[in-house]
Every structure is written in C-alpha cells, then in structure tokens.
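Q: For reference, the structure I am asking about is given below.
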Ligand SMILES: Nc1ncnc2c(CN3C[C@H](CCSCCOCCO)[C@@H](O)C3)c[nH]c12
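In this note's numbering, the protein residues as written are 2 to 228.
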C-alpha cells in the first residue's frame with residue numbers, strides 16, 4: 002500500500018481526479034480514500050493544516066492502512082530566491098522551525114531523544130528527478146522547514162533560511178518526516194510554490210493555491226507511473 006497525503010482539501014482534490022476511488026473510510030474524524038492506480042494500491046487523505054493534524058494522519062496511514070511508503074503533495078512558501086510561484090521542489094530532509102528548547106542549550110528545532118532533521122527517501126527522490134528529466138520539468142531539491150505558522154515576514158523567512166538552511170516553508174512536512182522516521186517508512190515530499198512567505202504572502206497563497214496544487218498533483222501522478 003502506498004499513502005498519498007496532503008494537508009488541504011485543495012491539494013488532494015486534483016490528485017483524486019486522476020483516480021478511480023474504490024472506497025472511502027471514515028476514521029478519527031477524517032476521510033481516507035482507497036484507490037488503485039495501474040497496479041498500485043493507494044490510500045489517500047488530507048490531514049487538515051498543521052503539524053499535529055499531519056502527524057495524526059501520517060500515523061493512521063501507516064498503522065491502520067499499512068502504508069509502506071508515504072508521498073506528500075502540496076504547496077509551499079519559497080525561501081530560495083530562484084523558486085518562483087508554480088515551481089516544484091522535493092525535500093531532501095525536513096525539520097520543525099518552531100521547536101525552541103535553546104534555553105536548555107539545545108539547537109533550534111531539536112527535541113531530546115529526537116532529531117532536528119528527518120531524511121527523505123533517496124530512491125523516491127531519484128525517481129522524481131528521473132521523471133522531471135524525462136518531462137523536461139525544472140525540479141529543485143532542498144531542505145523544507147515546517148512550523149505551525151503561515152510565514153508572511155521576510156525577517157522570519159530569513160531566520161528560518163539561516164538557521165535551518167531551508168529552501169521552502171510549510172506546516173506539515175517536519176511532522177510527517179518525524180512519524181515516517183520513527184516508523185521506518187520511506188517518506189517523499191513534493192511541493193509546488195504558492196507564495197514567497199513574505200509580506201503579502203497570504204494574497205498570493207489565496208490566488209495560487211489551486212493552480213500550484215494542480216502542478217504538484219500532476220507531477221505526483223507521473224511519479225506513480227514509475228514507482
Ligand atoms: N508562507 C507559508 N507559510 C507556511 N506554510 C505555507 C504553505 C503550505 N501549506 C499551506 C497551508 C497554510 C495556509 S493556511 C490557509 C487557511 O485557509 C485559507 C483559505 O484557503 C498549510 O497547510 C501549509 C504555503 N505557503 C506557506
């Protein structure tokens with residue numbers, strides 16, 4: 002079973018359009034969609050926004066639906082200057098920029114007995130780069146930082162860039178990476194840029210959420226053909 006996860010309904014809907022749904026399972030106040038694509042058994046869900054919701058859905062996808070790989074598709078705010086709205090990025094690793102136990106001497110993003118960074122699956126990233134090459138699509142890769150805040154401040158964005166070396170920002174990947182790392186499930190995250198995470202990002206986000214969600218969804222479907 003392969004899990005496909007998003008945070009928002011708008012990110013999942015364009016993926017479901019490509020699939021023939023077999024069944025919908027209601028569980029823990031959410032919906033999990035079962036589908037087949039070519040010879041793949043898929044379970045899909047959008048978690049709702051934020052790291053707690055994302056961690057809950059990721060754990061359910063693995064524990065209840067027996068997902069052996071977890072692929073995330075959605076949108077993100079850009080940190081790297083050459084990432085423009087609609088551009089695609091895959092995560093090399095994820096982190097949580099809003100974890101702060103520095104008063105006890107720990108580095109930003111670190112929780113005792115856990116990690117700052119959670120590595121994404123190299124095989125799935127390799128497939129993504131192969132697909133991008135075949136389709137002639139620009140695909141960046143980099144660290145993607147998560148926090149329970151919509152970032153719309155150049156100062157905050159630059160702190161995250163400096164502190165974590167992040168190329169993009171969102172609100173779920175660090176939590177999903179933590180769950181997949183602890184469950185030993187390969188994790189892949191693809192995001193299309195919806196805004197620049199600076200002042201005015203909320204306006205861009207509202208304008209480009211749907212279009213950028215479609216960009217990510219389309220690429221993810223191309224990836225499923227190669228898995
Ligand atoms: N700059 C930014 N900072 C942090 N995250 C992101 C992301 C990635 N997703 C989008 C969504 C945040 C938007 S909440 C919208 C509330 O509903 C608005 C109506 O649709 C959450 O799931 C994280 C894109 N740009 C970002």
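Heads up, the beta-carbon is just placed ideally off N, CA and C, and yes, glycines get one too.
1) Excluding sequence positions up to five away, which residues of its chain have a Cβ less than 8 angstroms from the Cβ of residue 213?
2) Contact defined as beta carbons within less than 8 angstroms: I believe residue 152 pairs with residue 198. What is the distance between those atoms, to the nearest angstrom?
3) What does DSSP give as the partner residues of residue 190 in its beta bridges?
4) State the DSSP-derived secondary structure class of residue 122, mapped to helix, strand or coil.
5) Determine the direct distance from the alpha carbon of residue 124 to that of residue 61, and round the result to whole angstroms.
6) Within the 8 angstroms Cβ cut-off, does residue 92 reach chain C?
7) Determine the extent of the alpha helix (DSSP H) in which residue 214 is found, giving its start and end residues.
8) Restricting to runs no shorter than 4 residues, where is the alpha helix (DSSP H) found entirely within the region 6 to 67?
9) By how many angstroms is the C-alpha of residue 95 removed from the C-alpha of residue 89?
10) Between the region 32 to 45 and the region 4 to 17, do at least 3 Cβ pairs fall closer than 8 angstroms?
11) Rounded to a whole number of angstroms, what is the C-alpha to C-alpha distance between residue 220 and residue 92?
12) Could you tell me if residue 97 is buried or exposed, where buried requires 16 or more neighbouring beta carbons within 10 angstroms of its beta carbon?
13) So for residue 92, helix, strand or coil by DSSP?
14) Just list the alpha helix (DSSP H) runs in the region 126 to 168, keeping only unbroken ones of 4 residues or longer that don't cross its boundaries, in chain order.
15) Which class does residue 4 belong to by DSSP, given the choice of helix, strand or coil?
A: Looking at the coordinates:
1) 76, 86, 87, 193, 194, 195
2) 4 angstroms
3) 73
4) coil
5) 23 angstroms
6) No chain C appears in the structure shown, which is made up of a single protein chain.
7) 202 to 225
8) 10 to 17, 52 to 64
9) 16 angstroms
10) yes
11) 15 angstroms
12) buried
13) strand
14) 155 to 165
15) strand
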